[in-house]
Each structure stands twice: as C-alpha cells, then as structure tokens.
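K.L.:
Using the working numbering, you'd call the opening residue of the sequence shown number 380 and step up by one each time.
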Amino acid sequence: MIVVLIPALSGWLAATAMVARWPATPESVVFSFQTDFREITAYLPGDEDSLFDYHLTPEGYARINSSGVMELAYGRMVARGQGKTLADRLPAADGLSFEVTLTAGESQEANVFAWQDGNDAHFLLEQRGQDLAFTYRDTKGAAQELPLGRVTAGVPTHVVIVMDGAQAQAVVNGNAAEPSAMSETPWQQWKTGELVFGAGAPQQKGWSGTLEGFAIYDTALSPDQAKANGDAYQEFSRKRPSLETVRLRGELLAKSHVPSLEDIAPYRASLAVYEYRVQEVLEGEYSPEKVRAAHWVILDQNELDYGKIEAGHVTELTLQRFDANRQLKNVNLSDTLDLDFDLDLFFEIGGVARDYRP
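1) Considering phenylalanine 725, what are the terminal residues of the beta strand (DSSP E) in which it resides?
2) Within this structure, are the beta carbons of leucine 622 and glutamine 699 separated by less than 8 Å?
3) To which residues does DSSP link methionine 561 through a beta bridge?
4) Spatial neighbours of threonine 694 within its chain, please: CB distance less than 6 Å, with the 5 preceding and 5 following residues excluded, ordered by chain position.
5) Which residues share a DSSP beta bridge with alanine 555?
6) Label alanine 560 either buried or exposed according to how many other C-beta atoms from any shown protein chain fall within 10 Å of its C-beta, with 16 as the threshold for buried.
7) Between which two residues does the alpha helix (DSSP H) carrying threonine 464 extend?
8) Let's test the definition: count the other Cβ atoms within 10 Å of the Cβ of lysine 687 and tell me whether it reaches 16, buried, or not, exposed.
9) Which word fits aspartate 597, buried or exposed, when buried means at least 16 other C-beta atoms lie within 10 angstroms of its C-beta?
10) How many Å lie between alanine 644 and threonine 414 at the Cα?
11) Is it right to say proline 737 is buried, meaning 16 or more other beta carbons lie within 10 angstroms of its own, or is it exposed?
12) Ends of the beta strand (DSSP E) at glycine 454?
13) Alpha carbon to alpha carbon, what distance is there between aspartate 642 and lysine 634?
14) In this structure, does DSSP put valine 731 in helix, strand or coil?
15) What are the boundary residues of the alpha helix (DSSP H) that aspartate 795 is part of?
16) Based on Cα-Cα distance, which residue from Ser649, Trp586, Val534 lies nearest to glutamine 613?
17) Could you tell me the distance, in whole angstroms, from the CA atom of glutamate 630 to the CA atom of leucine 590?
18) Applying the criterion that 16 or more other CB atoms from any shown protein chain within 10 Å of the CB defines a buried residue, is lysine 708 buried or exposed?
19) Just the C-alpha distance for asparagine 498 and proline 602, rounded to the nearest angstrom, thanks.
20) Reducing DSSP to helix, strand and coil, say where tryptophan 566 ends up.
21) Using the Cβ count rule (16 or more neighbours within 10 Å means buried), how would you classify alanine 521?
22) So, is glycine 585 buried or exposed, given that buried needs 16 or more other C-beta atoms within 10 angstroms?
23) Measuring alpha carbon to alpha carbon, tell me which residue in Ala441, Phe726, Val479 is nearest serine 580.
24) Does the Cβ-Cβ distance between histidine 674 and tyrosine 685 come in under 8 Å?
25) Below 7 Å CB to CB, which residues in the same chain sit around aspartate 714 once its five sequence neighbours on both sides are set aside?
26) So, aspartate 679 versus glycine 447, is the Cβ gap smaller than 8 Å?
27) Ends of the beta strand (DSSP E) at aspartate 510?
28) Could you give the C-beta distance for valine 637 and valine 670, rounded to a whole number, given that I count them as a contact under 8 Å?
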C-alpha cells in the first residue's frame, strides 16, 4: 500500500464520523479520501469543529468504481478548491505528511497525484515504469526527488511520505527508507493550484490504477504511526465486501432512449439501459435468457459511439448488479424499455461502451 497526504472528497460528515482505526491521527488531517462511501472531510483552518464541503470532479473517463475507489486509467479527478485549503492550513505547519493506498497497473509513465500549479507541481507522485517516485519543489523552485522503489501490478501498496524540514522520508508497506536531508519547509510557500489525481492535464494519458486511503497531514508522522495507518487501512480493505460478477456474450435486442447532452443539461454524464439475448455465459452464474445492462452513453460531456449501435450487435459484457453499485445513485439513467419484473438490472463494468469504436 502507498500512503500520501491529500484532501477529502465531497460530503458533509460529523466529526464523530471519523473512523477510529484510520487515520491514526485524525486531528492532524488537512484533507483525506478513504473511499467515496467512507469519507473523512477536510477541516477549515483553525476550526476543528467546522467541516468543509468539496467536490471531486471527474475529467475524461475517470470514475469511482463499485468499491468507492478512484479508477484513473482514462482521465483524472480534481478536488476543486482544495489547493486554497492547503495554502491556508500549511504555512503554520512544522511538518507535512502524505498517505495513499494505491494499486498500480502494468509498467507505465504517468502521474498518480499532484498539487498542480499550471504546468508545474508543488509535489508529485508518479510511476516510472515499475518504479514510484515522489518529487517536491524546494523554496528555490528546484525539484527534489525521493525514490520509493518498485510496485507490483495488481497488488495494493501503502506509501507514506514524511517531511519535517530537516529530512524527508518514505515509509512503504510499513518499511521506513533511509531519510534524505532537507533544510527548509517549502510547503509554507506553496500558495496556488489544485489537487489532481491522475493525469496532469485532461489531454494526457491517465494512470492505470486505483487510488484510495489518501490523506494529507499538517504534521510529520512517525514511522510507527505510518505503519499503524497502513495496518489499519489493510484491515478496512480486507473487510470490504466484494461484488459478484458475471461475464457473458449477448446480442442486442433493444435499447432505451439515448439522451443527448441537451437532454441531461446541466449534468455531464448519463447511463442508458440496453437489453440483450444471452448467447453464452462465460464466467459466473446467470440463468435467464435475456439480460438488461446499464451502459455509459455520455461521459464528461462526450456522447459515446456505443449509443448508436443497432439491434443484432454482439458483444461480451462484464456485469454487476446495478443496485450494488452505489456510486451510480445520483447519475442520470435512461430506462425507457417495457417493464419486465423477471429481469434484474445490471451495470456493465468492463468498459464496453467507453472503449467501443465503430
């Protein structure tokens, strides 16, 4: 697992909603995101009883998945307004820590997260091939790098970066690396920018991986605290329920009205329900002869070509029950098919609509 400090996602939570087991030092949290279903909200500077509401804005095809974690392979997430929260809170801090749990994809060159300021970044975690590296800007604007070692594709990694003005140190999966010397507190000069998860710009290639358990602290965590946070988050992840998935080949029979951007304005995304005849179950269990699946037809104000396919189109579908995917509860859904109480509604999680090209 990898731990790095960063602001929390949208939502209002009472202070009592702080999860005791993670993070270990909630009073020092400036911003955090556990999962979209288990948030810890950023505190307003100087008032630990006050909560700050914020929104995590998806750009491109970045999404929150069924586990509530960020999937960033096809875009990025931006925590609008949180750069100002950090700029207000950090000048008084004598230390700074970042925490994140991430699961990387295959070897790649991509940003994982950053406090982005135009074309530069105050701090940046990136994947270079199979290695991770953390970079920050010192008081003279020069880049200072902290190597974090290799990651294994598909395996969660917990990383904590700790800075106290005298040294910077990484704790990866509970193992503390040798510290690097520093002689200043550069975060006191970081004033502008946005917190960005994934690609540095919308047109850049996204980072193939998932991100969760993200926090920024206005203190230097000890190696023991960093390890305790990693152990706690691993326990949380272990108890997270997994959703049943079925994979099948289907032939399109009918589809709901596919909305236009004008139909859903001012919203930026929409799903539509399609009905298929099941040709073959490839994985899992499914007995009905038909299946209904909700597909993305608009993402980030882009109308997808899958909205134009016609009856008879055959494709492989990877499905989970729609009602188990809580991240979709506030997404526009077009379902104009005739009622059929014998068919449950599923969500296509494999990216068929997103990846389709005519």
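Note that the Cβ used here is the ideal one computed from N, Cα and C, for glycine as well.
P.N.:
In short:
1) 724-727
2) yes
3) DSSP, once it has assigned bridges, lists no residue as partnering methionine 561.
4) Val731
5) Val550
6) exposed
7) 461-468
8) exposed
9) buried
10) 28 Å
11) exposed
12) 454-458
13) 17 Å
14) helix
15) Limits of the chain in this structure are 380 at one end and 737 at the other, which puts residue 795 out of reach.
16) Val534
17) 34 Å
18) exposed
19) 33 Å
20) helix
21) exposed
22) buried
23) Checking the sequence, you will find alanine at residue 580 rather than serine. Ranking Ala441, Phe726, Val479 by Cα distance to alanine 580 puts Ala441 first.
24) yes
25) Ser635, Val652
26) no
27) 510-516
28) Actually they do not touch by this definition, with Cβ atoms about 18 Å apart.
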